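Engineer:
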Amino acid sequence: MPIMFDGIQIGVLAAYVVLFVPDWSKNRKVKGCDFENLGSGDVKDLLNGSWVVVAGDSQARLLVQSLLSLILNEKRMGMIMKDLFKRHNDYEIVVDDIGMKLDFFWAPYMVNLTNLMVGFKQNRTYPDVLVIGARLWHMLHVNNASDYDIALENLRSSVVSLLPFLPELSTDGPVTGSVSVRSPHLFWLGMSMLINEMLNTKEKREKRNDQIWHAYYGALHNNRILRSYGGPLLLLEI
Numbered sequence: 464m465p466i467m468f469d470g471i472q473i474g475v476l477a478a479y480v481v482l483f484v485p486d487w488s489k490n491r492k493v494k495g496c497d498f499e500n501l502g503s504g505d506v507k508d509l510l511n512g513s514w515v516v517v518a519g520d521s522q523a524r525l526l527v528q529s530l531l532s533l534i535l536n537e538k539r540m541g542m543i544m545k546d547l548f549k550r551h552n553d554y555e556i557v558v559d560d561i562g563m564k565l566d567f568f569w570a571p572y573m574v575n576l577t578n579l580m581v582g583f584k585q586n587r588t589y590p591d592v593l594v595i596g597a598r599l600w601h602m603l604h605v606n607n608a609s610d611y612d613i614a615l616e617n618l619r620s621s622v623v624s625l626l627p628f629l630p631e632l633s634t635d636g637p638v639t640g641s642v643s644v645r646s647p648h649l650f651w652l653g654m655s656m657l658i659n660e661m662l663n664t665k666e667k668r669e670k671r672n673d674q675i676w677h678a679y680y681g682a683l684h685n686n687r688i689l690r691s692y693g694g695p696l697l698l699l700e701i
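Everything in the sequence shown is counted per the working numbering, starting at 464 for the first residue and increasing by one.
#1: Under the three-state reduction of DSSP, which class applies to G653: helix, strand or coil?
#2: Does the distance from the C-beta atom of I534 to that of S503 stay below 8 Å?
#3: Mapping the DSSP letters down to three states, classify D553 as helix, strand or coil.
#4: Under 7 Å Cβ to Cβ from A678, same chain only, skipping five residues before and after it: list those, please.
#5: Give the secondary structure of F583 by DSSP, where H, G and I count as helix, E and B as strand, and everything else as coil.
#6: Quick check: the Cα distance between M602 and E669, rounded to an integer number of angstroms?
#7: May I have the straight-line CA-CA distance separating H604 from M580, to the nearest angstrom?
#8: What residues are listed by DSSP as bridge partners for G596?
#9: Give the straight-line distance between the Cα atoms of V592 and G653, rounded to the nearest whole angstrom.
#10: Write down every uninterrupted run of the alpha helix (DSSP H) in the segment 601-632 whose length is 4 residues or greater and which is fully enclosed by it, in chain order.
#11: List the endpoints of the continuous alpha helix (DSSP H) containing D566.
#12: So, L649 versus V622, is the Cβ gap smaller than 8 Å?
#13: Just mark L629 as buried or exposed, buried being the case when its beta carbon has 16 or more other beta carbons within 10 Å.
#14: Quick one: measure Cβ to Cβ for W651 and D520, integer angstroms, because I've assumed they're closer than 8 Å.
#15: Go ahead and pull the three-state DSSP assignment for L698.
#16: Determine the burial state of Q674: buried for a count of at least 16 other Cβ atoms within 10 Å of its Cβ, exposed for fewer.
#17: Looking at S513: is its Cβ nearer than 8 Å to the Cβ of M563?
#18: Excluding the 5 residues flanking M540 on each side, which residues of the same chain have their C-beta closer than 7 Å to its C-beta?
#19: Helix, strand or coil, according to DSSP, for T664 in the structure here?
#20: Within 10 angstroms of its Cβ, does V642 collect 16 or more other Cβ (buried), or is it exposed?
#21: Whose C-beta lies closer than 6 Å to the C-beta of A614 among residues of the same chain, with five residues either side of it excluded?
#22: Rank R587, V517, E537 and L662 by C-alpha distance to the C-alpha of N575 and give the top, closest one.
#23: Only counting the same chain, and skipping five residues up and downstream in sequence, which positions put a Cβ closer than 8 Å to that of N659?
#24: Determine the contact status of R687 and R587, defining contact as a CB-CB distance below 8 Å.
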């Protein structure tokens with residue numbers, strides 16, 4: 464029986480915590496959680512026949528690595544790593560044995576994510592699982608939490624415009640993809656804490672300091688993009 468959360472089968476999220484929380488299943492705080500009992504087979508069952516889209520910055524790319532490491536064997540993971548980590552590039556893979564297609568879109572700025580949502584709308588193709596998130600490049604190259612808040616609102620509008628897209632509610636023609644009769648599972652990839660001393664340039668240390676991080680964190684949590692604030696995206700806090 465899949466774990467249910469707010470109507471969503473979130474057993475798939477077990478794949479997302481592996482990379483970000485080492486030895487997660489050994490943590491006392493999660494001993495009572497069924498996540499530790501989920502494994503590769505559970506993830507494969509939940510994603511069977513699905514189209515998964517992950518879009519964002521380098522953090523989102525690492526999430527893809529974490530997910531695929533639960534689905535693919537060690538040999539195939541070794542074969543894909545070079546292509547997966549081509550800097551500033553998209554990546555796609557089809558896992559034939561479970562009929563899953565995964566697309567990673569390099570989208571380091573909020574406008575990239577907004578344009579991606581517009582593309583889904585225009586093409587009438589919608590993924591089963593959508594995970595998006597971007598902030599690192601905005602911190603570095605824009606460095607303005609107020610601007611980030613505005614960009615979040617624009618993104619929110621573009622995500623909301625995708626819903627509902629059920630055929631019986633639309634007369635604009637048929638949709639394509641594997642989710643033509645149900646809504647996708649929509650997630651926002653949360654903001655991991657940055658360790659200033661580990662940032663590799665002076666500019667990054669200056670522009671991604673604790674004060675800026677908290678300003679961006681506040682912009683996200685004051686925005687209506689998250690499910691907890693009436694928005695469309697369920698937060699994956701990492």
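Heads up, the beta-carbon is just placed ideally off N, CA and C, and yes, glycines get one too.
As the structure is a computational prediction, the values presented were derived from the model and not from experiment.
Structural biologist: This is what the structure gives:
#1: Mapped onto the sequence shown, residue 653 falls at position 190. DSSP, reduced to helix, strand and coil, places G653 outside both helices and strands of the structure shown, so it counts as coil.
#2: On the sequence shown, residue 534 is found 71 positions in, with the first residue counted as 1. On the sequence shown, residue 503 is found 40 positions in, with the first residue counted as 1. Taking 8 Å as the Cβ cut-off, I534 and S503 qualify as a contacting pair.
#3: For the purposes of this step, residue 553 is taken as the residue at position 90 of the sequence shown. DSSP places D553 in coil when its eight states are reduced to three.
#4: Taking the first residue of the sequence shown as position 1, residue 678 is located at position 215. Cβ neighbours of A678 within its own chain (closer than 7 Å, five residues either side excluded): A608.
#5: By one-based count along the sequence shown, residue 583 stands at place 120. In this structure, F583 counts as helix in the three-state DSSP scheme.
#6: In the sequence shown, residue 602 corresponds to position 139, counting from 1. In the sequence shown, residue 669 corresponds to position 206, counting from 1. In a straight line, the C-alpha of M602 is about 10 Å away from that of E669.
#7: Taking the first residue of the sequence shown as 1, we reach residue 604 at position 141. Taking the first residue of the sequence shown as 1, we reach residue 580 at position 117. Between the alpha carbons of H604 and M580 lies a distance of about 23 Å.
#8: As a position in the sequence shown, residue 596 is number 133, starting the count at 1. Bridge partners of G596: G519.
#9: Sequence index remark: in the sequence shown, residue 592 carries index 129 (1-based). Sequence index remark: in the sequence shown, residue 653 carries index 190 (1-based). Taking C-alpha positions only, V592 is separated from G653 by approximately 16 Å.
#10: The segment 601-632 contains, as complete alpha helix (DSSP H) runs of 4+ residues, the segments 608-623 (chain order).
#11: As a working mapping, residue 566 is identified with position 103 in the sequence shown. For D566, there is no enclosing alpha helix (DSSP H); the residue is part of the beta strand (DSSP E) that begins and ends at M563 to W569.
#12: Residue numbering aside, residue 649 sits at position 186 when the sequence shown is read from its first letter. Residue numbering aside, residue 622 sits at position 159 when the sequence shown is read from its first letter. In terms of Cβ geometry, L649 and V622 form a close pair [threshold 8 Å].
#13: Working through the sequence shown from its first residue, we reach residue 629 at position 166. Confidence at L629 is low in this model, with a pLDDT of 38, below 50, so its placement is unreliable and the value that follows should be read with caution. Exposed, because fewer than 16 other Cβ atoms sit within 10 Å of the Cβ of L629.
#14: One-based indexing of the sequence shown puts residue 651 at position 188. One-based indexing of the sequence shown puts residue 520 at position 57. In this structure, W651 and D520 do not form a Cβ contact; the two beta carbons are roughly 13 Å apart against a cut-off of 8 Å.
#15: Looking up residue 698 in the sequence shown gives position 235. Of the three classes helix, strand and coil, the one that applies to L698 here is strand, per DSSP.
#16: Taking the sequence shown and counting its residues from 1, the one referred to as residue 674 is at position 211. Exposed, because fewer than 16 other Cβ atoms sit within 10 Å of the Cβ of Q674.
#17: Counting from one through the sequence shown, the residue named residue 513 turns up at place 50. Counting from one through the sequence shown, the residue named residue 563 turns up at place 100. Going by C-beta atoms, S513 is nearer than 8 Å to M563.
#18: For the purposes of this step, residue 540 is taken as residue 77 along the sequence shown, with counting starting at 1. L531 and S532.
#19: Position 201 of the sequence shown holds residue 664. Note: T664 maps to coil in three-state DSSP.
#20: Taking the first residue of the sequence shown as position 1, residue 642 is located at position 179. Because the pLDDT of V642 is 42, which lies under 50, any placement of that residue in the model is unreliable, and the number read from its coordinates should be weighed accordingly. The residue is buried, with at least 16 neighbouring Cβ atoms inside 10 Å.
#21: Along the sequence shown, one-based indexing puts residue 614 at 151. Here the set comprises M573.
#22: Counted from its first residue, the sequence shown places residue 575 at position 112. For N575, the nearest C-alpha among the options comes from V517.
#23: Position 196 of the sequence shown, counted from the start, is the residue given in the question as residue 659. Closer than 8 Å at the Cβ level, and outside the excluded window around N659, lie R668, R671, N672 and D673.
#24: Against the sequence shown, residue 687 aligns to sequence position 224. Against the sequence shown, residue 587 aligns to sequence position 124. R587 sits away from R687, with the two beta carbons spaced by 8 Å or more.
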